[in-house]
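Counting from 1 along the sequence shown, just add 90 to a position and that's the residue number in the numbering used here.
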Amino acid sequence: MSFIESFQSNRIADRLHAIVQFLLVFMILAAINAIAMRSYTRFDTTLNRSFTLSAQTVAYLQQLQQPINIIVTLTDQSRDLGIRGIYQDVKSLLSEYEYETRNQGENRVRIEYLDIYQQARRAKELGITEENAIVFNPRSQNKIVRIDELYSLSQGDIQEFLGETVFTQTILEISQDDRPKIYFATGHGELDPNNFSPDLGISQFADELESRNFATESLDFSTITDIPNDARLLIIPAPRSPFLPREQEILKSYLRRDSGRIILMIEPGSEHGLDDLLFEWGILADDAIAVEMSRDSQIEGGDLLVRRFAPHPITNELLRLNMTLVTDRARVVREDPGRPIDESLLVKELMATSDKSWGEKNFKSDSPPVYDSTVDLRGPVRVAAVSERKVDSSLGISIPGGRLIVFGTSNFLTNNRISASGNLFLALNSVNYAIDRVAQLNIPPRPIRKVKLDLSMEQLLLSRYLIWLGPPALVGLLGILMYLARRQ
Numbered sequence: 091m092s093f094i095e096s097f098q099s100n101r102i103a104d105r106l107h108a109i110v111q112f113l114l115v116f117m118i119l120a121a122i123n124a125i126a127m128r129s130y131t132r133f134d135t136t137l138n139r140s141f142t143l144s145a146q147t148v149a150y151l152q153q154l155q156q157p158i159n160i161i162v163t164l165t166d167q168s169r170d171l172g173i174r175g176i177y178q179d180v181k182s183l184l185s186e187y188e189y190e191t192r193n194q195g196e197n198r199v200r201i202e203y204l205d206i207y208q209q210a211r212r213a214k215e216l217g218i219t220e221e222n223a224i225v226f227n228p229r230s231q232n233k234i235v236r237i238d239e240l241y242s243l244s245q246g247d248i249q250e251f252l253g254e255t256v257f258t259q260t261i262l263e264i265s266q267d268d269r270p271k272i273y274f275a276t277g278h279g280e281l282d283p284n285n286f287s288p289d290l291g292i293s294q295f296a297d298e299l300e301s302r303n304f305a306t307e308s309l310d311f312s313t314i315t316d317i318p319n320d321a322r323l324l325i326i327p328a329p330r331s332p333f334l335p336r337e338q339e340i341l342k343s344y345l346r347r348d349s350g351r352i353i354l355m356i357e358p359g360s361e362h363g364l365d366d367l368l369f370e371w372g373i374l375a376d377d378a379i380a381v382e383m384s385r386d387s388q389i390e391g392g393d394l395l396v397r398r399f400a401p402h403p404i405t406n407e408l409l410r411l412n413m414t415l416v417t418d419r420a421r422v423v424r425e426d427p428g429r430p431i432d433e434s435l436l437v438k439e440l441m442a443t444s445d446k447s448w449g450e451k452n453f454k455s456d457s458p459p460v461y462d463s464t465v466d467l468r469g470p471v472r473v474a475a476v477s478e479r480k481v482d483s484s485l486g487i488s489i490p491g492g493r494l495i496v497f498g499t500s501n502f503l504t505n506n507r508i509s510a511s512g513n514l515f516l517a518l519n520s521v522n523y524a525i526d527r528v529a530q531l532n533i534p535p536r537p538i539r540k541v542k543l544d545l546s547m548e549q550l551l552l553s554r555y556l557i558w559l560g561p562p563a564l565v566g567l568l569g570i571l572m573y574l575a576r577r578q
């Protein structure tokens, strides 16, 4: 064999060896990748395990009986750096929901990220118009979670991430088969759940209830002799004319005999005709209006800000999120000091005005209100209360009885105010508490830890020079070392 032929055969052998080596390496990498796809472990590298689902959430997800479709309209292309950070938090957490249900067939969580401007056709198809929101099950329940629900604040600073609690609660609400029936009383000039008027309608509140798997219906008291058996809750939003004695007896019987649940809203100056009912349940609705002189408790236009809340399942969320109630005026509602002694009755005052307020009884006068210690009620005055009875069964077990929640204002429910501050939170929490739909979630919020470096001006200047000049100097040093090594 000549030298040329030998050289060519060696080249062919080298090429074959290279091809075989390449195939072997490729097969090894493919095998490693296949093993990794089937057997791997996920790690949450955050300090507080912010994106690790609790055992309670995992248990709920494993019991899903319907698909959960989630549309996220947040985007990482936002010019707002805060929105980008929220997007990363939401994406990291929701990916865990999707991963946890990956093997549950149709009954799993699916996530879609949607830019409502760049994907306008898809957004229109889903009926989504709101940006920076998380929409659960569009086209059906269409429950919207907004970003201000995901964090707790303290003095304007974000303190905790509440994503898992909010998302799991929402999934529970829309996946429950039971649709509690809520009736809205009519016949006395009440606010109308079918009215779209900004000032007189509460259609947005009714829509919020429907989106949370409640069924709503109006109930005309002029045509009934009893509250329907399927009523889980009766809402009486601001009657303008009094209830007849016969109608009051229907309500009293519903609360007593049927352990019914009522949310009553009474405006200042209105004749409601329910004094006997309120007395029986230990609540007094004085015919007095809350006059607020503190600037911190008023906003432009004359609206009232209620900032004081007592700890209670109805108000705890407002306390935690540092929210307020926004309404136009409020009637004094408090525990009746002369109520009958009844150990089974528990009355709790929920909200109060500031120290610079009082309960004005001469509010129908045209003259400016002036505090009169002999007539008016000294502030702070209470504007909401809840009353409930415990019934002892034959087995000696205390079971929940009737429940009555009374607000001295109703305008926080109207279409032009329901989205303000904590109004919707308060309304929904009242409904959930009234019918015992307060989810027993024990998912702690995840604290957000901020690392702060306190640098002097000299240290800050030095760090700036190191950032600017350090990388080029390091590359230059490596080049010099390589040059010296090659010379040797």
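Note that CB positions come from ideal geometry on N, CA and C, so glycine has one too.
Annotation: PHE257 to GLU390 spans about 35 Å, alpha carbon to alpha carbon. Going by DSSP, ILE261 is part of the alpha helix (DSSP H) stretching over 253-265.
Segment contact: the segment 418-426 against the segment 349-363, three or more CB-CB distances shorter than 8 Å; contact assigned.
Counting along the chain, the unbroken beta strand (DSSP E) around PRO327 starts and ends at 321-327.
Short of 8 Å from the beta carbon of ASP377, and not among the five residues preceding or following it, lie these beta carbons of its own chain, in chain order: PRO358, GLY359, ARG421, LYS451. In this structure, DSSP gives PHE116 a helical state, which the three-state scheme calls helix. In this structure, DSSP gives GLN208 a state outside helix and strand, which the three-state scheme calls coil. Per the C-alpha coordinates, the member of VAL496, ILE201, VAL381 positioned closest to GLY449 is VAL381. Cβ neighbours of GLY175 within its own chain (closer than 8 Å, five residues either side excluded): none.
In this structure, the CA atom of GLY469 is about 26 Å from the CA atom of GLY363. Three or more beta-carbon pairs separated by less than 8 Å link the segment 213-227 to the segment 235-250, which places the two stretches in contact. 9 Å or more divides the Cβ of LEU411 from the Cβ of MET441. When the five nearest sequence neighbours on each side are left out, the beta carbons in the same chain lying within less than 6 Å of the beta carbon of VAL199 are those of ILE158, TYR187, GLU188, THR191, in order along the chain.
Between the alpha carbons of GLU298 and SER308 lies a gap of roughly 16 Å. By the Cβ test, the segment 336-355 is in contact with the segment 491-509, since at least three Cβ pairs between them sit closer than 8 Å.
Burial check for PRO329: the Cβ neighbour count within 10 Å reaches 16 or more, so the residue is buried.
If you ignore the 5 residues before and after GLU254, its C-beta comes within less than 7 Å of the C-beta of LEU143, SER144, THR147, LEU183, ILE533, all in its own chain and listed in chain order. Apart from the 5 residues on each side of it in sequence, LEU151 sits with its Cβ closer than 6 Å to the Cβ of GLU190, THR191 in its chain, given in chain order. Within the segment 137-184, the runs of alpha helix (DSSP H) that reach at least 4 residues and sit entirely inside it are, in chain order, 145-152. The segment 488-531 is shown to contain whole beta strand (DSSP E) runs of 3 or more residues at 488-497, in chain order. ILE161 sits close to VAL225, with the two beta carbons spaced by under 9 Å. Secondary structure of LYS233 (DSSP, three-state): strand. Around the Cβ of ASP462, a 10 Å sphere holds fewer than 16 other Cβ atoms; the residue is exposed. Take the alpha-carbon of SER230 and the one of PRO458: they are about 51 Å apart. The alpha-carbon separation between ILE404 and SER520 amounts to approximately 5 Å. In this structure, SER477 lies away from LYS446, with their beta-carbon atoms at least 9 Å apart. ILE356 carries a coil assignment under DSSP once its states are collapsed to helix, strand and coil.
Sequence-distant Cβ neighbours of TRP371 in its own chain, meaning closer than 6 Å and more than five residues away, are SER477, LEU494. The three-state secondary structure of ASP376, taken from DSSP, is strand. DSSP, reduced to helix, strand and coil, places VAL565 within a helical segment of the structure shown. In this model, TYR273 and GLN167 are separated by some 44 Å (Cα to Cα). Looking at LEU119, ASN232, ILE325, ARG169, the one whose alpha-carbon comes closest to that of GLY277 is ILE325. Residue pairing by DSSP puts TRP448 in a beta bridge opposite VAL381, ARG468.
Inclusion of ALA213 and THR163 in the CB contact set at 9 Å is warranted, their separation being smaller than that value.
If you compare the alpha carbons of LEU574, ASP366, GLY195 with that of GLY428, the shortest gap goes to ASP366. Rounded to whole angstroms, the gap between the alpha carbons of LEU154 and SER287 is 38 Å.
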